[in-house]
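Okay, so here's the structure we're looking at.
Number of protein chains: 2
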Amino acid sequence: MHSQPVAEKEAASKAALDGPPRERILKVARDLFYRQGIHAVGVDAIAAAAGTNKMTLYRHFGSKDELIAECLAAYVAELEGAWNEFAKKHPGDALGQLHSWLRYVGEFKLQQAERGCAFINAAAELPDKNHPARRVIEQHKSELRRKLIALCDEAGLVEPDLLADKMFLLCEGARTSIQSIGPNGPASRLPQMLDGLVADHAPRKS
Amino acid sequence: MHSQPVAEKEAASKAALDGPPRERILKVARDLFYRQGIHAVGVDAIAAAAGTNKMTLYRHFGSKDELIAECLAAYVAELEGAWNEFAKKHPGDALGQLHSWLRYVGEFKLQQAERGCAFINAAAELPDKNHPARRVIEQHKSELRRKLIALCDEAGLVEPDLLADKMFLLCEGARTSIQSIGPNGPASRLPQMLDGLVADHAPRKS
DNA sequence: AACAATACTTACCGGTCAGTAACATGTCAA
DNA sequence: TTGACATGTTACTGACCGGTAAGTATTGTT
Chain C
95 MHSQPVAEKE AASKAALDGP PRERILKVAR DLFYRQGIHA VGVDAIAAAA
145 GTNKMTLYRH FGSKDELIAE CLAAYVAELE GAWNEFAKKH PGDALGQLHS
195 WLRYVGEFKL QQAERGCAFI NAAAELPDKN HPARRVIEQH KSELRRKLIA
245 LCDEAGLVEP DLLADKMFLL CEGARTSIQS IGPNGPASRL PQMLDGLVAD
295 HAPRKS
Chain P
95 MHSQPVAEKE AASKAALDGP PRERILKVAR DLFYRQGIHA VGVDAIAAAA
145 GTNKMTLYRH FGSKDELIAE CLAAYVAELE GAWNEFAKKH PGDALGQLHS
195 WLRYVGEFKL QQAERGCAFI NAAAELPDKN HPARRVIEQH KSELRRKLIA
245 LCDEAGLVEP DLLADKMFLL CEGARTSIQS IGPNGPASRL PQMLDGLVAD
295 HAPRKS
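Each protein sequence line maps, in turn, to chains C and P. Going by the working numbering, the first residue of the first sequence is number 95, and it counts up by one from there. Going by the working numbering, the first residue of the second sequence is number 95, and it counts up by one from there.
Encoded structure:
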């Protein structure tokens, strides 16, 4: 009868949440894992922050490890959505799609990434090669690399493989350096570097 | 009286260790933290692997957090030793020192870094900005960046700041990508990229 | 109204963790 | 021999963890 005696903080964060418990848990777990680290967040804290309880969490997720993997999979789905938007905005224009992505990671994505890349952090926290999250991480990064190579190739840029790998490493380095040095370190020059890279690999002859 | 009933594995690893307990603890803690992750390793395991016990560990280190910070500081000292060797091998030759370092990270250091960069992993595992290890991490990465910029500048390369930051990000990305994609991913091309970078920024005129 | 599915509550289990206390050794120097 | 000091041993505390048990409340459907 009486309303739940939850703290205001939780009530407020819960107010911004809706949908079935599973979605709420997933959403809040992603946020907590990213901001506080995976090991530092207990399942009780996740359930409480999601406005539910541990039992419901375990009814939807087999274990904490599987929850971790599903959180990363949700990130993957989100990023794939962004890619689809780029493809829709520049149909048949590989260079346009590439620039969209470069702007996306270089300007937008780096701003709100004080804790770096969620996948890299997860890999750092989960050394076990058999952890279910590892599959998601490895596959996501490989797929990203593959997409970049394909796009550089379609765009007719010279040495597309090498160019794509350069972009990949620069972006990875930028996101991790935000966590170690800070956002005003080398990462702040990422957009400039990426633009320079594309210019360097532009087809010269013909 | 009776020799310690340690397992053969520990006895073997202990055989390779000598010196006072403090050194042994530091050495073995660095290895365990790096390979298994910080949260995954307990102080008991560290003490046992070092052929000693928890009490002795706490007599030498105020807490696990301070031990973590000291482990990273030991890494810093080791890397500074490498830098000093480069300077000794190429006195007054900034470009030679730079190439030594590029070869060091590009060929040697990446081979045995399956778990990526110890500093980045530590940062990922320790989100608390006030953790004693954070100071070590931030200072080390900033100092590395500073050294690179100074070296590129002394070597007379064009746009030394931008070049140094490119190198920095590429190296950071390479080490982290080893953990996510693997050593046969983009990281395998790091030496090629670094050499290309230096060539691109070589002084053209005069 | 009756039912089934889902969600919530409370309490617990076994295990591990960081850190401490009290005491037992060994060792080296005076 | 004695004493000082670093180290080793055992046992403990209090907290937290992931995960489970058993029972209750809520909700939607028919």
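Beta carbons: idealized from backbone N, C-alpha and C, even for Gly. None of the values given here were measured: they were computed from a predicted structure.
### Task
Compute the Euclidean distance between the alpha carbons of Q130 (chain C) and D222 (chain P), then round it to the nearest angstrom.
Translated into the one-based positions of the first sequence, residue 130 (chain C) becomes position 36. Translated into the one-based positions of the second sequence, residue 222 (chain P) becomes position 128. Distance between the alpha carbons of Q130 (chain C) and D222 (chain P) is about 8 Å.
### Task
Can you pull the chain P residues whose beta carbon is under 9 Å from the beta carbon of Q205 (chain C), in chain order?
Start at 1 with the first residue of the first sequence, and residue 205 (chain C) comes out as number 111. Neighbours of Q205 (chain C) on chain P: none; closest Cβ ~17 Å, over 9 Å.
### Message
Tell me which residues share the same chain as H225 (chain C) and place their Cβ nearer than 7 Å to its Cβ, disregarding the 5 neighbours each side in the sequence.
### Response
On the first sequence, position 131 is the one that residue 225 (chain C) refers to. Same-chain partners within the cutoff: D159.
### Query
Using a Cβ-Cβ distance under 8 Å, would D259 (chain P) count as near chain C?
As a position in the second sequence, residue 259 (chain P) is number 165, starting the count at 1. Yes, contact with chain C.
### Query
Taking 8 Å as the CB-CB cut-off, is H295 (chain C) touching chain P?
Within the first sequence, residue 295 (chain C) is the residue found at index 201, counting from 1. H295 (chain C) does not count as touching chain P.
### Euclidean distance between Cα positions of A171 (chain C) and A176 (chain P)
Start at 1 with the first residue of the first sequence, and residue 171 (chain C) comes out as number 77. Start at 1 with the first residue of the second sequence, and residue 176 (chain P) comes out as number 82. Taking the straight line from one Cα to the other gives about 43 Å.
### Query
Along the chain, where does the alpha helix (DSSP H) that runs through L251 (chain C) open and close?
Taking the first sequence and counting its residues from 1, one reaches residue 251 (chain C) at position 157. Careful: L251 (chain C) lies outside any alpha helix (DSSP H) and carries neither H nor E.
### Task
Can you grab the Cα-Cα spacing for the pair S271 (chain P) / G210 (chain P), in whole Å?
By 1-based counting over the second sequence, the position of residue 271 (chain P) is 177. By 1-based counting over the second sequence, the position of residue 210 (chain P) is 116. Whole-angstrom Cα-Cα distance: 8 Å.
#### Entry: S157 (chain P) burial status per 10 Å Cβ neighbour count (16 or more: buried)
To locate residue 157 (chain P), count along the second sequence from 1; it is residue 63. S157 (chain P) comes out exposed.
### Query
With 16 as the cutoff for other CB atoms within 10 Å, does G267 (chain P) come out buried or exposed?
Within the second sequence, the letter at position 173 stands for residue 267 (chain P). Looking at its Cβ environment, which holds 16 or more other Cβ atoms inside 10 Å, G267 (chain P) is buried.
### Query
Does T150 (chain P) come within less than 8 Å of chain C when only Cβ atoms are used?
One-based indexing of the second sequence puts residue 150 (chain P) at position 56. Chain C, which has no Cβ nearer than 8 Å to the Cβ of T150 (chain P), makes this no.
### Span of the alpha helix (DSSP H) around L284 (chain P)
Here residue 284 (chain P) refers to the residue found at position 190 of the second sequence. 284-294 is the span of the alpha helix (DSSP H), which, as asked, contains L284 (chain P).
### Query
Between P:E208, P:D112, P:L161, which lies nearest to R124 (chain P) when the distance is taken from Cα to Cα?
Translated into positions along the second sequence, residue 124 (chain P) becomes position 30. Comparing Cα-Cα distances from R124 (chain P) to each of P:E208, P:D112, P:L161, the minimum goes to P:L161.
### Residue from C:I243, C:R269, C:E219, C:E117 with nearest C-alpha to G279 (chain P)
The residue labelled residue 279 (chain P) in the question sits at position 185 within the second sequence. Taking only the C-alpha atoms, the option nearest G279 (chain P) is C:I243.
### Message
On the DSSP letters alone, give me the boundaries of the alpha helix (DSSP H) that V74 (chain P) sits inside.
### Response
As shown, chain P starts at 95 and ends at 300. That puts residue 74 (chain P) outside it, with no answer to give.
#### Entry: C-alpha gap between C265 (chain P) and G276 (chain C), whole angstroms
Translated into positions along the second sequence, residue 265 (chain P) becomes position 171. Translated into positions along the first sequence, residue 276 (chain C) becomes position 182. Roughly 16 Å separates the two Cα atoms.
### Query
Mapping DSSP to helix, strand and coil, what is G175 (chain C)?
Taking the first residue of the first sequence as 1, we reach residue 175 (chain C) at position 81. The answer is helix: DSSP assigns G175 (chain C) an H, G or I state.
### Task
Using a Cβ cut-off of 8 Å (strictly closer), state whether K158 (chain C) contacts chain P.
As a first step, residue 158 (chain C) is located in the first sequence; it is residue number 64 there, counting from the start. No, no contact with chain P.
#### Entry: Element boundaries [alpha helix (DSSP H), containing I140 (chain P)]
Position 46 of the second sequence, counted from the first residue, corresponds to residue 140 (chain P). Start and end: 137-143.
#### Entry: Limits of the unbroken alpha helix (DSSP H) element including E117 (chain C)
Along the first sequence, read from residue 1 onward, the residue named residue 117 (chain C) stands at position 23. Its alpha helix (DSSP H) spans residues 115-130.
### Query
Any idea what DSSP makes of K108 (chain C), helix, strand or coil?
For the purposes of this step, residue 108 (chain C) is taken as the residue at position 14 of the first sequence. For K108 (chain C), the pLDDT reaches just 41, beneath the cut-off of 50, and the residue's location in the model is therefore unreliable, leaving the point undetermined.
### Query
What's the gap between the Cα of P297 (chain P) and the Cα of L192 (chain P)?
Counted from its first residue, the second sequence places residue 297 (chain P) at position 203. Counted from its first residue, the second sequence places residue 192 (chain P) at position 98. When rounded, the distance between both Cα atoms is 15 Å.
### Query
Hey, does K235 (chain C) have any beta-carbon neighbour from chain P nearer than 8 Å?
Taking the first sequence and counting its residues from 1, the one referred to as residue 235 (chain C) is at position 141. Closer than 8 Å: yes.
### Message
List, in chain order, every chain P residue whose beta-carbon is nearer than 9 Å to that of R283 (chain C).
### Response
If you number the first sequence from 1, residue 283 (chain C) lands on position 189. Neighbours of R283 (chain C) on chain P, chain order: D255, L256, D259, K260, L263.
### Query
Taking C-beta to C-beta, are L60 (chain C) and H295 (chain C) nearer than 8 Å?
Residue 60 (chain C) falls outside the range modelled here, since chain C spans only 95 to 300, and no answer is possible.
### Task
Kindly indicate if chain P contains any beta-carbon less than 8 Å away from that of T270 (chain C).
In the first sequence, residue 270 (chain C) corresponds to position 176, counting from 1. Closer than 8 Å: yes.
### Task
Please list, in chain order, all residues of the same chain as R239 (chain C) whose beta carbon is under 6 Å from its beta carbon, the five residues on each side excluded.
Along the first sequence, read from residue 1 onward, the residue named residue 239 (chain C) stands at position 145. The answer, listed in chain order, is F262.
### Message
Any C-beta of chain P within less than 8 Å: which residues of the segment 123-146 of chain C qualify?
### Response
R129, Q130, G131, H133, A134
### Query
Can you tell me where the alpha helix (DSSP H) with F155 (chain P) in it begins and where it stops?
By one-based count along the second sequence, residue 155 (chain P) stands at place 61. No alpha helix (DSSP H) contains F155 (chain P), which DSSP labels as neither H nor E.
### Message
Less than 8 Å between the C-beta atoms of A167 (chain C) and V122 (chain C), yes or no?
### Response
For the purposes of this step, residue 167 (chain C) is taken as residue 73 along the first sequence, with counting starting at 1. For the purposes of this step, residue 122 (chain C) is taken as residue 28 along the first sequence, with counting starting at 1. No, Cβ-Cβ distance for A167 (chain C) and V122 (chain C) is not below 8 Å.
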